[in-house]
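Student:
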Amino acid sequence: MNEGLSIKRRIFAKKKICKFCADPNLKIDYKNPEVLKPFLNEKGMIIHRRQTGTCAYHQRKLTTAIKRARIMALLPFVADVEME
Amino acid sequence: MFELWKPVKRFRKWESLFIIHPEKVEEKDQILERIKQIVEAKEGEVLKIDEWGLRKLAYPIQKKKQGYYVLIEFYGLADLPKDLEKFFRIDERIIRFIIVKLEDRFSPTEKDVEAKQV
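In order, the protein sequence lines correspond to chains X and D.
Going by the numbering used here, the first sequence opens with residue 14, and the numbers climb by one from there.
Going by the numbering used here, the second sequence opens with residue 2, and the numbers climb by one from there.
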């Protein structure tokens, strides 16, 4: 009975691959906000690497790049604010 | 023996992205000229000037929604960013700037060699 339960509980999640490790041509650069945008949620916050599957090394590069892009107004600090 | 203690001239390479006030874009050439002066005072050189043009800002800065982006690449002695930063902060025509180090040790002579190979 226990065995049956454990099998039921197991979640078959697809293993996420770091986007930047898979494609070495893709460079993390604060001047290119299009590359950084998929790693922000709709509010403009940085998504946890548990969700995106980025490796620790690239997540570190990513956060600095996003923060630099925010300073230069290439990415928003808060995305909800509407510009009229 | 004392020759070892000679101060070594260390060159570094940086890039800088800055935003010019949208109403003062005409003075862009003056700003670039001033930057060139500052860089050349530290035995450096501006290697590349890339103008992105007027772009929409992600959020308003000084109540402005647009800005004129300019990207420059330059090298010079190690204390060059200090002077450049001072200029950027004082000048009112520049609303935002960032200076990023590209190479810690850069030799101007090697640059010419590379250029010849290409």
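Glycine included, each C-beta is placed from N, C-alpha and C at the ideal position.
DSSP puts residue 74/D in a beta bridge; with which residues?
Tutor: Counting from one through the second sequence, the residue named residue 74/D turns up at place 73. According to DSSP, residue 74/D bridges with 16/D and 49/D.
Student: Could you tell me the boundaries of the alpha helix (DSSP H) in which residue 73/X lies?
Tutor: Against the first sequence, residue 73/X aligns to sequence position 60. Start and end: 69–84.
Student: Any idea which residues DSSP pairs residue 55/D with across the strands?
Tutor: Your numbering for residue 55/D matches position 54 in the second sequence. 69/D, per the DSSP bridge assignment.
Student: According to DSSP, simplified to helix, strand and coil, what is residue 107/D?
Tutor: As a first step, residue 107/D is located in the second sequence; it is residue number 106 there, counting from the start. It is coil, neither helix nor strand.
Student: For chain D, find out if any of its Cβ atoms is closer than 8 Å to the Cβ of residue 102/X; answer yes or no.
Tutor: Residue 102/X falls outside the range modelled here, since chain X spans only 14 to 97, and no answer is possible.
Student: Could you compute how far the alpha carbon of residue 31/D sits from the alpha carbon of residue 65/D?
Tutor: By one-based count along the second sequence, residue 31/D stands at place 30. By one-based count along the second sequence, residue 65/D stands at place 64. Whole-angstrom Cα-Cα distance: 22 Å.
Student: Leaving out five residues on either side along the sequence, give the residues of the same chain with a beta carbon under 6 Å from the beta carbon of residue 62/X.
Tutor: By 1-based counting over the first sequence, the position of residue 62/X is 49. Here the set comprises 72.
Student: Can you give me the C-alpha to C-alpha distance between residue 96/D and residue 70/X, rounded to a whole angstrom?
Tutor: Locating residue 96/D in the second sequence gives position 95, counting from the first residue. Locating residue 70/X in the first sequence gives position 57, counting from the first residue. Rounded to whole angstroms, residue 96/D to residue 70/X spans 32 Å at the Cα level.
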